[in-house]
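Scroll down for the structure; my scribbles are underneath it.
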Amino acid sequence: MSSTENVLSPEYKEAVTNLLFQLADDDFLISYRGSEWLGLAPHIEEDVASSSISQDTMGHAAMYYTLLEEVGAGKADDLAHLRPAQERKNSILAERVNGEGYYMETPQYDWAYAVVRNFFYSQAKKVKVDSLRQSSYQPLAETAVKVNMELYYHLLHWKTWFVQLLSSTDEAKQKMNDAIDLVMKDFGDVFSYGNDKAAIESNNLIASEEELKDRWKANMAPIFESLGLAVPAIPEAPAKNGRNGEHTEDLTTALSTLSEVYRLDPVAAW
Amino acid sequence: MNTSIESANKQVYEALTNVKDPEIDTVSVIDLGMVEEVITEGSRVKVVLLPTFLGCPALEIIKKNTVNAVKELSFVDEVEVEFVFHPPWTSDRITDEGHKGLRAFGIAPPPEHFEEDGSWHVDCPYCGSTYVTMENIFGPTACRSILYCKSCKNPFEAMKPVSTMM
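In order, the protein sequences belong to chains B and S.
Here the first sequence is numbered in numbering that gives the first Met the number 0, starting from 0 and rising by one per residue.
Here the second sequence is numbered in numbering that gives the first Met the number 0, starting from 0 and rising by one per residue.
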């Protein structure tokens, strides 16, 4: 794997690097938001399950950052902790806060939002990872096989919550529908490759934005149908595109919290 | 220094049977099917390992223990441990010896078969009963689930099956 650095053309390497940043930053931020739920989930088994999912997902981010290190983008830990918000390529959805308040004080987190965000995100990740298994970049294709095995359980978990809460009381349904609206508002850049669309797609690193959107809708259709609902539309043009470094204040505060310890002593061995 | 490569490799594999899972001391990295390759060149040894789950925090400990165990061998000066992701670790790599070791620890080994819908079943590692319920597909570590035996009334854990078919 370490020899790949030398044989890639500069254009190809740039496309790989940009895609890897999108994948890495997505998983890194969403797992950070997941970790803020620790101790706050609706019951203890859910606390075990959702924190286990966050741990897996942080592992996936670490793998992508390691692949970035291998193409010479910098040290994996530094890439995760030290890059400022405007250099991040995660989708807006992954950086959003869990709800009102701060987890150390009086968090008023919204479980319906957590369920919908994680389910929709996991399904999006699933169609991406399925496509990445055929990526022209072999190290990424191999990583995708491994990620996919763990993702199976994540998707199953969030789908179960999603279907159960939408089959529950009127209050639950109302909260879930509000959460669906909120999540879909931020869904415009989830399948976007931003300004790198042409380079990423033409190098056969992953399927096109349009194909992935169609697969996501096709996977969601039977579930929504069973609940008597229509699959919500994915916004055509995102208000802000995280893939191009456009972000909300939520990302800035997340980065300052999550990198606080690392920045105290960046040369410490972990 | 004139140890033949074959017998050198054999010694390394023997040493690796002493590298236990940091949390489950009845199974080694060999039993778990984590050892992909051993390369011996004179006094230099490289051990290639497959991580079970990508976010597993025990990997660094396993790496350190592997280095220490192999260094004990008289002909070894340098030990390198590399984690690779291809081929991916799958739960069917756990050996028969590994299955025994897991049961001895109170952990059900992964199932041999999957149903067509992807579901799976394991028996109680204590009493062998098939009358068990799943409490939580996620467990205390990334690789384990939590179950309960309705026969002997014991909670137990199971190695979470992972396969490339998923």
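Even for Gly, the Cβ is constructed at its ideal location relative to N, Cα and C.
Every value quoted in this text rests on a predicted model; they were computed, and no experiment measured them.
Residues near residue i by beta carbon distance below 7 Å, same chain, minus five either side
i	result
B:V96	D249
B:L150	S121, K124, K125, V128
S:P110	W119, H120, V121, P160
B:E4	The predicted model places B:E4 with a pLDDT of 48, which falls under 50 and marks its position as unreliable, so this point remains unresolved.
B:L254	A84
S:A141	F52, G54, C55
Buried or exposed (CB count within 10 angstroms, at least 16 for buried), residue i
i	result
B:V146	buried
B:G71	exposed
B:L66	buried
B:T105	exposed
B:N194	exposed
S:M164	exposed
B:P83	exposed
B:H246	buried
S:N67	exposed
B:P58	In the sequence as presented, Pro is not what sits at residue 58 of chain B; that position holds Gly. Buried, since its Cβ has 16 or more Cβ neighbours within 10 Å.
B:M148	buried
S:D116	exposed
B:T159	exposed
Sequence-distant residues of its chain with Cβ nearer than 6 Å to residue i (five each side left out)
i	result
B:D129	none
B:S1	Note that B:S1 has pLDDT 45, beneath the 50 cutoff, so the model's placement of it is unreliable and the number below is only indicative. There are no such residues.
B:F20	K88
B:L154	S121, K125
B:L37	S50
S:G97	V26, D30, L31
B:S225	none
Cross-chain neighbours of residue i in chain S, by beta carbon under 7 Å
i	result
B:E31	A small fix is needed here, since residue 31 of chain B is Tyr in this sequence, not Glu. Those do not exist, as B:Y31 stays about 13 Å from chain S at its closest Cβ, beyond 7 Å.
B:E44	E134, N135
Contacts of residue i in chain S (Cβ-Cβ under 8 Å)
i	result
B:H59	L53, G54
B:A48	N135, I136, F137
B:M62	L53, F84
Contacts of residue i in chain B (Cβ-Cβ under 8 Å)
i	result
S:E141	The sequence shown places Ala at residue 141 of chain S, not Glu. What S:A141 touches in chain B: S51, Q54, D55, G58, E149.
S:P87	E141, V144, K145, M148
S:S162	M148
Cutoff 8 Å; reference residue i; Cβ partners in own chain excluding five residues on either side
i	result
B:A220	V230
B:K216	V230, I233
S:S128	D122, C148, K149, S150, C151
B:L144	In the sequence as presented, Leu is not what sits at residue 144 of chain B; that position holds Val. Result list for B:V144: R132, in chain order.
S:T65	L15, V18, V28, V46, L48, V78, V80
S:S42	M0, F74, V75, D76, E77
B:N218	Q122, K125, V126
S:K9	none
S:I61	V18, D20, P21, V28, M33, L48
B:Q107	G98, E99, G100
Neighbouring residues, chain B, relative to residue i (Cβ below 7 Å)
i	result
S:M165	N147, M148, Y151
Contact set between residue i and chain S, taken where Cβ atoms lie within less than 9 Å
i	result
B:E69	Correct list: empty, because the minimum Cβ distance to chain S is about 12 Å.
Beta-carbon spacing of residue i, residue j below 8 Å
i	j	result
B:V126	B:I179	no
B:L28	B:A113	no
S:V69	S:V28	no
S:L101	S:M33	no
B:D55	S:G54	yes
S:V80	S:L49	no
S:V37	S:V44	yes
S:P21	S:A57	yes
B:S134	B:L204	yes
S:Y130	S:K99	no
B:A61	B:A198	no
S:E40	S:V83	no
B:A48	S:F155	no
S:R143	S:I93	no
B:I80	B:Y192	Correcting the residue type first, residue 80 of chain B is His in the shown sequence and not Ile. For B:H80 and B:Y192, no; Cβs fall outside 8 Å.
B:L164	B:A111	yes
S:I145	S:N153	no
B:F190	B:F161	no
B:R242	B:D188	yes
B:Y11	B:N202	yes
Residue(s) in a DSSP beta bridge with residue i
i	result
S:N135	S:I145
S:R214	There is no way to answer for residue 214 of chain S, as the model of chain S reaches only from 0 to 165.
S:S27	S:K19
B:G58	Per DSSP, none; premise fails for B:G58.
S:A107	S:A157
B:G98	B:Y108
S:L48	S:V34, S:F82
Cβ of residue i within 8 Å of any chain A Cβ
i	result
S:C123	Considering every chain present, this structure includes no chain A. Its protein chains are B and S.
Any non-hydrogen atom of the ligand NAD closer than 7 Å to residue i Cβ
i	result
S:S144	Because no ligand of any kind appears in the structure shown, any question about the ligand NAD cannot be addressed here.
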